[in-house]
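Each number in the numbering used here comes from the position in the sequence shown (counting from 1) with 67 added on.
Glycine included, C-beta positions come from ideal geometry on N, C-alpha and C.
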Amino acid sequence: MNEKRAIGIDLKSLPPNPSPPDMWQDQAACYGIDPDVFFPTSEEEAGPALAYCAVCRIREMCLAWALKNGERYGVWGGLTEQQRRRLIRYVA
68 MNEKRAIGID
78 LKSLPPNPSP
88 PDMWQDQAAC
98 YGIDPDVFFP
108 TSEEEAGPAL
118 AYCAVCRIRE
128 MCLAWALKNG
138 ERYGVWGGLT
148 EQQRRRLIRY
158 VA
């Protein structure tokens, strides 16, 4: 298999050296939204967060940051905790 997965992420397309969130978070679709939205208690409750991510113009930077820094909790770059774990396992 190649870098593309069922999740639809091509790791080669992500920024290799993502800037920290304080450099781009004010450009994110989620800027100013209650952070609790991005830390749902279950995968089923992640819908609102994923909707913001779906229209975000810096989604790839956010996801790259989360993967590079091992963010374990919350929705980052359009992926839930479980989806990121699955992605990391797949490419490991």
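- The three-state reading of DSSP puts W132 in helix, counting H, G and I together.
- For R151, the enclosing alpha helix (DSSP H) has its first and last residue at 148-158.
- Per DSSP, the beta bridge partners of W143 are L146.
- Per DSSP, reduced to three states, the secondary structure at R126 is helical.
- A131 places its beta carbon less than 7 angstroms from that of P85.
- Minimum Cα-Cα distance from C97 among the listed residues A116, F106, G137 corresponds to A116.
- With respect to A95, I76 sits apart: the two C-beta atoms are not nearer than 7 angstroms.
- One Cα belongs to Q149, the other to Y119, and the distance between them is close to 18 angstroms.
- Counting only residues of its own chain and dropping the five nearest sequence neighbours on each side, P107 has a CB closer than 6 angstroms to the CB of A113.
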